[in-house]
Amino acid sequence: MNVSRHHNIRAALFAASAFGALGLAQAAAAQDAAAPAETAAAPQDSETADIVVTGIRASLESATNAKKNAVAFGDSIFAEDIGKLPATNLAETLNRMPGVRLNRDINGEGTQVAIRGLGPSFTRVLLNGSQLQVASDGGTNGGSANREVDLDFFPSELFTRLDLAKSPSPSTLEGGIAGTVNLRNARPFDKEGTHVTVVAQGQYTDNNDKFSPRGAIVASHTTDTFGILVGVAGVKTKTRVDGFESVGWTDGNLGTGDAGGNNFSWASVVPNNTGHGLVAGQPVDVVATSGLTRDQLSTALIPRLGRKSLTEGDRSRISALASLEWRPSDELHFALDGIWAKSKRDYSKVNMNWQVRNSGPGTSAQSTGGMVPIDLTVDDNGVVTSGTFANSSYFLEASLFKQTTKFWNVNPSVSWQPTEDLKVDLSANWSKSRFFREQPTWAFQTTPQSGVETYYDNTGGDYPSITSNLDLNDPNNDSWQWYRQNIQLVRRKTETKGAHLDVTYGDDMFNVKVGGAYDQATRSIRAYDNSTAYQLSVCGTGCTGATGTVPTSAIAQYLRSSSTAGFIVPDFDALKQATNYASYHDSAPEARGAVTGGATGDMDEKVWGAYFELNGVTTIAGRDLHINTGMRYAHTDQLVVGPSQVGTAIVDITSSSTYENFLPSINLTYDVADNVKLRASASRTMTRPDAGAILPGITFSDPSALTATAGNPNLKPYTSDNYDLGGEIYTGGIGYVGVSLFMKNIQGFTVTTSEQVAFGSLNIPFDSLISTQQNALNDRSLQTGIPVAQLPITVNRPVNLRDLKIKGIEATWVQPLDFLVKGLGFSANGTYLKQSSSSGLVATGVSPWSYNLQGFYENGGLSVSVNYVWNDEAIAVNGPQNGINGADLKSDARGQLDMSAGYQLPFFNKALRLTLDVLNITDEPIRTTFEYSNAAYSVYYPGRTVLAGIRANF
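Going by the working numbering, the first residue of the sequence shown is number 3, and it counts up by one from there.
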């Protein structure tokens, strides 16, 4: 049989399998609707572009050459030398790829990655090809309860390869609509022989003017058949982040029938010491004093808790890796990888809040009597731009954040090739992760109706100017009383285990691959809260401070002024000792919701998967067509347990679901010419539903006691039909120009439905609420005349209702500039995204425009790289927020300029290299707004970071 006929048969087989797979997917669509499951794309060796990091120029040349040979859409970063992946953690490393956007912690460090516009929960992250879960919760402020993976937990020094697949292959674990990231740790045969790599750096951050150590050591040794590698990487950083937070914006309640957020009530009678010629106890017309019309005042927006914030403390992380490889023959390879990591955050956070939320007439010791607006101005959007607020109140909110995360993972694997055409790969995985967060809070309030005023100016700057006639940095001004105390704890646990089998038969021209997988993942989030009992012991009934371990008369001795914060701060250790904190901490009972506001409960997820895949090459019109196609099947069993209040007890509610998915895919690459590639891909992918949203039960953590969140165990997975088209023109050397167009049609996207129910129907005992919620309900009952049990509460519940379409284009240009200066060049990539839906629904975190620019010079032992990453503004959280219709939270457009330089010392056999990295050179803040550009939701100033050190190879 001649070669041409071989090609024709292969072409027919590929076409038949592709059409058959797509047809079977259509037949399975009805099953998908009734039974959900998961799929994702993870890169294969032959299907993604590799960047070999031995130098800037070598990296780009390897990327260019590898992209020529790729079949599917994707990118990789590959470090040939141990410890040479760029950036400080794996999230920052991935940020160098086109179409990747980072979620950043308040200190500016990248934590999670979003791909092609979809959030981190739509990205499947794998470790050595196996599932990965870490029990951490998204950074300093926390709150993540979905499938995101915090990549700042993993140091780049212990990894040699990161793969990003943007179009799936059947052999890849399902689960990522946006894409799949595979992290591959260092192994001894990555670099044969005996080697020791040492990295030592000092880190300086200009925010706190302090130095911190970071470093790594990796040693490896190989014989002809056996290899061992061990490594340790650690960092301890001093953190200080200044910021502003609002916890949302709202308007005030002017009485019955007043629409809007109504998160506070204006004064109805003149409070004591109001001034401005107003007589205490007399009715007050706040519309007249405000200088606005009633309609304007009814919708005038101010921060709910406008506050300056200071977070400072230590963060440490240590990671260890051990990898063994045994290669008794060329046909048989064994590997065993083990990773252990531990991360600690020990922070304090102090906020001085302008108390707008929940302020108004009331009967509790903390009730303010309501503010009186004086001479306000508003813009066309109803945002207050200036004014005076008589009878204001402030409270200091001082919290400790102590959290620890631990992670263990073991991956044994074996690869056996008994014949030239047959290969068998078998792997297993087991991981365990534990997280504990302790967050006590002590809050001190200015004495209500004591003549405190707020002077407000929102006419410029990153956030409003909020100042007072009271010295808020004086602990001895006789103005401080207790507001509340909290003891709140969160424990999270995850465990995964699984086994995968892959069998390949054939050669590079044509092969068939089949396999199966079993994966189980369990997770538990449980909250504990002893606030009610602790508060009663500290400040007595109603927190009046008349009795308790720290009465009002003794408060001043536990406060001190702070030039760093600009307002008073507490003596945490003295307060803990005086109030018997440890005893209440140790005896905290289980609660329904976490301190970060997320749902609590347990999930056990078991997935059986199987696939077939065809790979090979055929010819059309005398040119090679490379094909990867096939089908993946996934069957998911899901058991969820959520705590719920029944009478005075908390009981677990259990729910289960089963679903399955058929996930076809085809990837094509056609050699139009020797230097021109045309690519196409079509696939179906899926992402399992939000792990926090499927927990049964109700979470009622809103301090304003206005909204509750209900879980929905019946949520189905998201599914997406994906289409990609692209290609590259290779201009020689490292140069090429590439363009990719893509479209995702996502079904089952969730929206939040709302209904109003009476508080009593929530079956939550009033006594189990925190004092802030009790006061809010009592005050609202007093103002409206409605009994507490009948007060309306808005319950939000997610449901699968909508479709979502995302279209985009990615462009990449790599160009050497040796004709100008030897060693000079640049790399640039940009992404444009557009989303639409029949309901106006949008996916959060989608920046319409983003780009990454890199200029580099490398010659004579000196290398310099300057990198600028810019992301357009994006919706961070869909509205309505705080009862304001149409109000979304939006992240500002942001660009970050970084520089990396190195110099190879000419002695010691060139084993030593000096390194210098400067991050966030232009000192860009991280800013989020409440719908309007002049309504700052949060602003954080992470500052600039400089890392200087040495890297040695022996």
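Beta carbons: idealized from backbone N, C-alpha and C, even for Gly.
Alpha carbon to alpha carbon, what distance is there between residue j and residue i?
i: residue 377; j: residue 457; result: 11 Å
i: residue 590; j: residue 828; result: 57 Å
i: residue 847; j: residue 486; result: 35 Å
i: residue 384; j: residue 464; result: 18 Å
i: residue 310; j: residue 355; result: 7 Å
i: residue 667; j: residue 653; result: 44 Å
i: residue 357; j: residue 703; result: 18 Å
i: residue 352; j: residue 942; result: 14 Å
i: residue 137; j: residue 433; result: 11 Å
i: residue 662; j: residue 746; result: 20 Å
i: residue 332; j: residue 343; result: 33 Å
i: residue 278; j: residue 392; result: 8 Å
i: residue 27; j: residue 504; result: Unreliable placement is indicated for residue 27, whose pLDDT of 38 sits below 50; the coordinate value is still reported in the next sentence. Distance between the alpha carbons of residue 27 and residue 504 is about 22 Å.
i: residue 321; j: residue 129; result: 15 Å
i: residue 855; j: residue 822; result: 19 Å
i: residue 409; j: residue 435; result: 4 Å
i: residue 671; j: residue 95; result: 27 Å
i: residue 263; j: residue 550; result: 36 Å
i: residue 345; j: residue 897; result: 28 Å
i: residue 176; j: residue 711; result: 29 Å
i: residue 755; j: residue 836; result: 25 Å
i: residue 697; j: residue 924; result: 43 Å
i: residue 50; j: residue 172; result: Bear in mind that the predicted position of residue 50 carries a pLDDT of just 43, short of 50, making it too unreliable to give a figure here.
i: residue 575; j: residue 282; result: 41 Å
i: residue 644; j: residue 883; result: 26 Å
i: residue 593; j: residue 439; result: 14 Å
i: residue 946; j: residue 238; result: 17 Å
i: residue 126; j: residue 812; result: 21 Å
i: residue 221; j: residue 899; result: 33 Å
i: residue 499; j: residue 603; result: 20 Å
i: residue 819; j: residue 610; result: 51 Å
i: residue 986; j: residue 121; result: The displayed coordinates of the chain run from 3 to 956. Any statement about residue 986 would go beyond what the structure contains.
i: residue 124; j: residue 605; result: 18 Å
i: residue 956; j: residue 860; result: 23 Å
i: residue 208; j: residue 242; result: 9 Å
If you measure between the beta carbons of residue i and residue j, is that distance less than 8 Å?
i: residue 527; j: residue 494; result: yes
i: residue 489; j: residue 533; result: yes
i: residue 236; j: residue 216; result: yes
i: residue 180; j: residue 219; result: no
i: residue 255; j: residue 267; result: yes
i: residue 187; j: residue 155; result: no
i: residue 736; j: residue 59; result: yes
i: residue 920; j: residue 879; result: no
i: residue 832; j: residue 849; result: no
i: residue 341; j: residue 474; result: no
i: residue 227; j: residue 330; result: yes
i: residue 935; j: residue 246; result: no
i: residue 932; j: residue 889; result: yes
i: residue 325; j: residue 131; result: no
i: residue 706; j: residue 189; result: no
What are the residues that DSSP puts in a beta bridge with residue i?
i: residue 809; result: 745 and 836
i: residue 865; result: 860 and 904
i: residue 402; result: 350
i: residue 579; result: Note: residue 579 sits in no beta bridge, so no partner.
i: residue 108; result: Answer by DSSP bridge pairing: none, since residue 108 is not bridged.
i: residue 325; result: 231 and 339
i: residue 409; result: 343 and 435
i: residue 495; result: 436 and 526
i: residue 557; result: None; residue 557 has no bridge partner.
- Query: Can at least three beta-carbon pairs, one atom from the segment 726 to 735 and one from the segment 674 to 685, be found at a separation below 8 Å?
  - Reply: yes
- Message: If we require 3 or more residues per run, which beta strand (DSSP E) segments fall completely within the segment 168 to 209?
- Response: DSSP runs (the beta strand (DSSP E)) wholly in the segment 168 to 209: 181 to 187 and 196 to 207.
- Task: Tell me the start and end of each unbroken beta strand (DSSP E) in the segment 673 to 697 that is at least 3 residues and wholly inside, in chain order.
- Result: 678 to 689
- Item | Within the segment 880 to 949, ranges of the beta strand (DSSP E) (whole runs, at least 3 residues) | 891 to 893, 896 to 906, 914 to 921, 928 to 932 and 938 to 943
- Message: List, from N- to C-terminal side, the beta strand (DSSP E) runs of 3 residues or more that fit wholly inside the segment 769 to 797.
- Response: none
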